[in-house]
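A.B. asks: The structure is given below, and queries will be raised subsequently.
2 protein chains.
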Amino acid sequence: MVRSFIDVEPDSHFPIQNLPYGVFRPLKGGQPRIGVAIGNYVLDLAQLDSAGYFDQTAVSGKNIFSQPSLNALMSYSRPVWKELRLTIRRLLDVEEPALRDNKGLRATALYLQNDVELLLPVEIGDYTDFYASKDHATNVGTMFRGKENALMPNWLHLPVGYHGRASSIVISGTDVRRPQGQMKPLDSAPPIFGLSRQLDFELEVGCLIGTGNEQGLPVSIEKAEDYIFGLVLVNDWSARDIQSWEYQPLGPFLAKNFATSISPWVVPFEALEPFRVPAPKQDPEPLPYLRQNSPGSFNIQLEVYLQSDAMKRRNRISASNFSYLYWTMAQQIAHHTIGGCNLRPGDLLASGTISGPAKDSRGCMLELTWRGSEPLQLENGDERTWLEDGDTITMTGWCQGDGYRVGFGEVTGRVLPAALS
Amino acid sequence: MVRSFIDVEPDSHFPIQNLPYGVFRPLKGGQPRIGVAIGNYVLDLAQLDSAGYFDQTAVSGKNIFSQPSLNALMSYSRPVWKELRLTIRRLLDVEEPALRDNKGLRATALYLQNDVELLLPVEIGDYTDFYASKDHATNVGTMFRGKENALMPNWLHLPVGYHGRASSIVISGTDVRRPQGQMKPLDSAPPIFGLSRQLDFELEVGCLIGTGNEQGLPVSIEKAEDYIFGLVLVNDWSARDIQSWEYQPLGPFLAKNFATSISPWVVPFEALEPFRVPAPKQDPEPLPYLRQNSPGSFNIQLEVYLQSDAMKRRNRISASNFSYLYWTMAQQIAHHTIGGCNLRPGDLLASGTISGPAKDSRGCMLELTWRGSEPLQLENGDERTWLEDGDTITMTGWCQGDGYRVGFGEVTGRVLPAALS
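Those sequence lines, one after another, are chains A and B. Counting from 489, one number per residue, gives the positions in the first sequence under my numbering. Counting from 489, one number per residue, gives the positions in the second sequence under my numbering.
In structure tokens:
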């Protein structure tokens with residue numbers, strides 16, 4: 489097994505097999521720049537670039553690491569990303585002396601993760617949110633329309649998705665204010681204004697587009713994965729009471745656009761390759777433009793934790809898996825572009841809530857508490873129907889290898905009381 | 489009446505009362521920069537800035553005019569925009585010698601509009617599309633759900649809106665490819681794949697946000713107009729057959745995201761002030777956060793023309809007015825931000841299709857032909873149910889003053905056959 493000269497614990501999310509990209513700023517000061525996580529450290533790629541370590545790669549002289557986002561790097565293509573990744577991997581290998589024995593550079597280019605601030609890694613142009621979990625769509629449909637009409641007629645034929653709000657995407661660790669807005673609690677009453685009482689999280693995984701496509705020219709299903717730069721965890725905060733009143737006929741709007749949190753480390757698509765698995769069998773078979781003839785999913789274990797100030801520890805409230813998703817990322821990209829829509833480097837395509845068949849694998853409070861009717865039991869007799877002010881939601885995810893983990897780290901966020909206007 | 493030393497015809501859209509901002513590149517070469525339209529000319533603000541004409545303003549030394557977008561200028565606030573506008577207006581005034589008598593600068597800083605290429609004026613971060621015309625929502629609802637259920641229960645209580653696609657917004661004059669995709673023509677059949685046969689335009693007006701608001705802090709209805717930098721015409725191209733199959737439950741997606749066209753000149757909000765009129769009376773009275781106590785609409789005349797290669801002239805197919813809109817721009821902004829969503833400089837908030845009560849004031853083919861059942865009669869016995877390849881749609885709009893017009897110019901686009909994948 490490949491090993492780094494930097495010690496990495498077996499349960500670390502960041503072994504040499506991962507090497508996720510992020511944007512950081514040293515706490516002691518300095519400009520934002522691009523780094524790679526390795527164990528408990530961040531490797532400063534801007535310094536390695538200055539020292540000539542990337543002179544033999546396609547990004548040499550392009551100044552792509554002294555930047556406040558990954559977008560410039562993302563706008564290249566798979567061969568360039570692969571070459572860069574192999575170069576970094578070689579430099580961190582225990583057998584490779586170039587960086588290992590350069591004590592001066594190691595002292596300045598390796599930061600403890602505790603000594604840096606992680607920033608939003610990508611300038612996200614457009615954010616699309618899919619609805620790709622069949623269990624999630626079935627559960628939500630059952631609650632709102634009954635078991636017989638749970639899935640809309642289109643659901644099994646195409647990956648349903650909609651445009652989300654890019655401006656309010658925040659980095660993990662950012663507090664999220666409870667939204668206020670218009671809702672209609674009872675069928676007979678006029679709508680009211682107030683604080684959302686049904687605040688929720690949504691466990692999702694986001695796919696970040698690298699290479700873009702030209703407007704008017706669709707991406708074929710066979711080539712779709714070539715456009716993926718990497719993946720992050722996504723918490724798509726939701727206000728269910730606002731959503732149920734506003735969403736017809738044009739879809740969710742204020743119920744979702746107050747905040748979406750993403751994890752800071754972008755796991756390269758290449759790092760997931762050993763964990764590729766088939767997606768669930770699709771019946772009916774989709775139309776040819778959505779037909780994927782190779783396994784298109786990944787075995788990524790996912791967990792959600794809730795903790796309030798009063799709780800001594802965080803409570804695991806969900807354990808799910810990326811491979812439950814019915815529609816794959818390649819299918820999402822092929823569908824997104826089939827009419828000619830252009831994707832740009834840095835665009836985010838999130839999966840939608842990831843729920844599995846088991847009750848504890850459901851990816852949001854709406855499903856976990858069955859719309860509030862079955863409260864979650866937490867430590868010390870505490871319970872939850874929806875999120876309360878002060879609650880912190882933490883999501884994590886990883887692929888389990890033999891003796892190592894390719895992990896996503898965490899996306900976390902705490903609920904603040906609303907700012908009243 | 490204020491007059492410029494530059495001759496402006498009475499029916500020109502660009503008298504000294506307007507002074508819309510745009511981004512242009514001289515055909516003879518050079519970098520994109522910011523200009524203002526005056527009569528048949530474009531005034532190069534970058535050159536005026538270099539010559540010191542803005543030294544007394546807040547933007548002095550900020551290099552905001554030698555840029556490929558208006559975003560830097562837009563990120564200021566109303567007092568700065570007003571001061572700049574008054575400065576430009578003074579410089580163009582027939583009584584003011586500073587520029588009038590500077591023959592050298594006039595020769596280089598004034599371009600005939602025919603001698604420049606107009607570019608997308610704004611880097612649009614997020615694009616929101618509302619559904620603010622009651623006549624439009626009623627017509628569409630009647631066609632799809634019957635007269636009794638035409639308006640959804642929420643429609644009279646809040647400005648329904650959804651997130652659109654920013655990446656595919658194009659400048660007027662850009663050809664638009666007919667999308668292909670999945671649709672379901674008959675209730676009994678499985679879905680099919682093919683070219684959209686129900687291609688449509690949508691006549692809209694877009695509001696461009698200048699000053700942004702902080703995430704978590706709503707904008708009050710009283711202050712909402714302060715956030716508006718200016719307005720443009722919008723054609724939100726739509727594929728109705730794709731839309732009717734995909735849109736439930738999360739709203740339109742591929743039916744809209746293949747292209748949206750905007751006009752090149754951004755009409756300053758200040759230029760519309762003389763044309764302010766009340767919006768239609770709202771019943772029921774909206775909740776306090778949406779209650780606007782001053783007239784919030786504008787008398788902007790709007791027209792749509794269709795022309796194919798075979799037609800000798802363009803055929804006017806709709807004549808509408810911005811003041812038909814039920815929900816105002818201030819209400820849209822107050823609603824958009826009430827849950828904490830942040831608007832950023834350059835965000836586009838479009839009105840949704842603008843239809844009036846008269847049949848010929850409807851703003852899209854869906855309504856004009858009543859879903860294809862009443863074809864439009866054009867010259868020489870030609871007719872249309874939906875748009876055909878080669879059709880050019882041109883929208884125009886203006887406010888009629890006493891002896892002058894504050895106009896939007898045009899947004900135009902031609903339909904190309906699909907690119908088959």
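We put the beta carbon where it would ideally sit given N, CA and C, even for glycine.
My guess is that G901 of chain A and S655 of chain A are in contact by the Cβ rule of under 8 angstroms, so how many angstroms apart are they, rounded?
C.D. replies: So it is not a contact: roughly 17 angstroms between Cβ atoms.
A.B. asks: What residues in the stretch 642-654 of chain B have a beta carbon less than 8 angstroms from any beta carbon of chain A?
C.D. replies: Under the 8 angstroms Cβ criterion, the stretch 642-654 of chain B contributes N642, H645, L646, V648, G649, Y650, H651, G652, R653 and A654.
A.B. asks: Take D663 of chain B and list the residues in its own chain whose beta-carbon comes closer than 6 angstroms to its own, dropping the five residues that flank it on each side.
C.D. replies: Answer for D663 of chain B: R902 and L904, listed in chain order.
A.B. asks: Which residues of the stretch 676-692 of chain A have a Cβ closer than 7 angstroms to any Cβ of chain B? Give them in chain order.
C.D. replies: Result list: P679 and F681.
A.B. asks: Between A:A625, A:T699 and A:R779, which lies nearest to W569 of chain A when the distance is taken from Cα to Cα?
C.D. replies: Minimum Cα distance to W569 of chain A is reached at A:T699.
A.B. asks: Taking the Cβ atom as the reference point for each residue, do T748 of chain B and D714 of chain B lie within a distance shorter than 8 angstroms?
C.D. replies: Cβ distance not < 8 angstroms, so T748 of chain B and D714 of chain B don't count as in contact.
A.B. asks: Between the beta-carbon of P514 of chain A and the beta-carbon of V604 of chain A, is there less than 8 angstroms?
C.D. replies: A contact, by the Cβ cut-off of 8 angstroms.
A.B. asks: Go through its chain and collect everything with a Cβ distance to R588 of chain B's Cβ below 6 angstroms, but skip five positions before and after it.
C.D. replies: Contacts found: F493.
A.B. asks: By DSSP's criteria, L639 of chain A is part of a beta bridge. Which residues make up the other side?
C.D. replies: The partner list for L639 of chain A (beta bridge, DSSP) is empty, contrary to what the question assumes.
A.B. asks: To the nearest angstrom, how far is it from the Cα of L683 of chain B to the Cα of L533 of chain B?
C.D. replies: Rounded to the nearest angstrom, the two C-alpha atoms are 45 angstroms apart.
A.B. asks: Anyone know if the C-beta pair for V765 of chain B and L696 of chain B falls short of 8 angstroms?
C.D. replies: No, they are not a contact pair.
A.B. asks: Runs of 3 residues minimum, wholly inside the stretch 498-554 of chain B: which ones carry the beta strand (DSSP E) assignment?
C.D. replies: DSSP runs (the beta strand (DSSP E)) wholly in the stretch 498-554 of chain B: 509-514, 521-526 and 529-532.
A.B. asks: In the DSSP assignment, what are the bridge partners of E611 of chain A?
C.D. replies: Per DSSP, none; premise fails for E611 of chain A.
A.B. asks: Classify Q795 of chain B: buried if its beta carbon has 16 or more other beta carbons within 10 angstroms, exposed otherwise.
C.D. replies: It is buried - the Cβ of Q795 of chain B has at least 16 other Cβ atoms within 10 Å.
A.B. asks: Going along the stretch 736-750 of chain A in order, which residues come within less than 9 angstroms of chain B, judged by CB to CB distance?
C.D. replies: Going along the stretch 736-750 of chain A in chain order, one finds Q736, P737, L738, G739, P740, F741, L742, A743, K744, N745, F746 and A747 with a Cβ nearer than 9 angstroms to chain B.
A.B. asks: If you reduce the DSSP assignment to three classes, tell me which class G669 of chain B lands in.
C.D. replies: DSSP places G669 of chain B in strand when its eight states are reduced to three.
A.B. asks: Distance check for H823 of chain B and G669 of chain A, CA to CA, integer angstroms please.
C.D. replies: Cα to Cα, G669 of chain A sits roughly 8 angstroms from H823 of chain B.
A.B. asks: Identify each residue in the stretch 656-674 of chain A for which the Cβ-Cβ distance to at least one residue of chain B is less than 7 angstroms, and report them in chain order.
C.D. replies: Result list: S656, R665, P667, Q668, G669 and Q670.
A.B. asks: Short of 6 angstroms in beta carbon distance, which residues of its chain neighbour V792 of chain A, apart from the five on each side in sequence? Order them along the chain.
C.D. replies: L691, I805, S806 and M883, listed in sequence order.
A.B. asks: Using only the alpha-carbon positions, how far apart do V511 of chain B and N809 of chain B sit?
C.D. replies: Distance between the alpha carbons of V511 of chain B and N809 of chain B is about 27 angstroms.
A.B. asks: Can you give me, in chain order, the residues of the stretch 818-849 of chain B that have a beta carbon less than 8 angstroms from any beta carbon in chain A?
C.D. replies: Taking 8 angstroms as the Cβ-Cβ cut-off against chain A, the residues of the stretch 818-849 of chain B that qualify are H823, H824, I826, G827, G828, C829, N830, L831, R832 and D835.
A.B. asks: Excluding sequence positions up to five away, which residues of its chain have a Cβ less than 6 angstroms from the Cβ of A767 of chain B?
C.D. replies: Contacts found: G784, S785 and T816.
A.B. asks: D614 of chain A versus chain B: which residues are under 8 angstroms apart at the beta carbon?
C.D. replies: Correct list: R653, A654 and S655.
A.B. asks: Going by DSSP, what residues sit across from V754 of chain A in a beta bridge?
C.D. replies: Bridge partners of V754 of chain A: A:Y509.
A.B. asks: According to a CB-to-CB cut-off of less than 7 angstroms, which residues of the stretch 615-628 of chain B neighbour chain A?
C.D. replies: Result list: Y619.
A.B. asks: Let me see if you follow: with CB-CB separation under 8 angstroms, is Y777 of chain B close to chain A or not?
C.D. replies: Closer than 8 angstroms to some Cβ of chain A, the Cβ of Y777 of chain B qualifies, so yes.
A.B. asks: Counting only Cβ pairs nearer than 8 angstroms, list the residues of chain A close to A727 of chain B.
C.D. replies: Within 8 angstroms Cβ-Cβ: G827.
A.B. asks: Just to make sure I have the definition right: I need the residues of chain A whose C-beta is within less than 7 angstroms of the C-beta of L854 of chain B. Which are they?
C.D. replies: By Cβ distance, chain A contributes nothing, its closest Cβ being about 14 angstroms from L854 of chain B, past 7 angstroms.
A.B. asks: With 16 other CB atoms within 10 Å as the buried threshold, where does S843 of chain B fall?
C.D. replies: When all chains shown are included, S843 of chain B counts as buried.
A.B. asks: So, helix, strand or coil for R893 of chain B, using DSSP?
C.D. replies: It is a strand residue.
A.B. asks: Taking only beta carbons into account, state which residues of the stretch 696-725 of chain A come closer than 7 angstroms to chain B, listed in chain order.
C.D. replies: Against chain B - using a Cβ distance shorter than 7 angstroms - the residues of the stretch 696-725 of chain A are Q703, G704, L705, P706 and S708.
A.B. asks: Whether or not the stretch 637-648 of chain B and the stretch 613-622 of chain B are in contact is what I'm after, with contact meaning three or more pairs of Cβ atoms, one per stretch, closer than 8 angstroms; do they touch?
C.D. replies: Touching, yes, given that three or more Cβ pairs across the two stretches are closer than 8 angstroms.
A.B. asks: If you compare alpha carbons, which of B:L790, B:S548, B:I504 and B:Y814 is closest to L639 of chain B?
C.D. replies: The shortest C-alpha separation from L639 of chain B is found at B:Y814.
A.B. asks: Could you please tell me which residues of the stretch 887-907 of chain B, in chain order, have their CB closer than 7 angstroms to any CB of chain A?
C.D. replies: The stretch 887-907 of chain B vs chain A, Cβ under 7 angstroms: A907.
A.B. asks: Are at least three pairs of beta-carbons, each pair with one atom in the stretch 871-889 of chain B and one in the stretch 834-848 of chain B, less than 8 angstroms apart?
C.D. replies: Taking 8 angstroms as the limit for Cβ pairs, the verdict is that the stretch 834-848 of chain B does not touch the stretch 871-889 of chain B.
A.B. asks: Measure the alpha-carbon distance for W753 of chain B versus I504 of chain B and round it to whole angstroms.
C.D. replies: One C-alpha to the other measures close to 14 angstroms.
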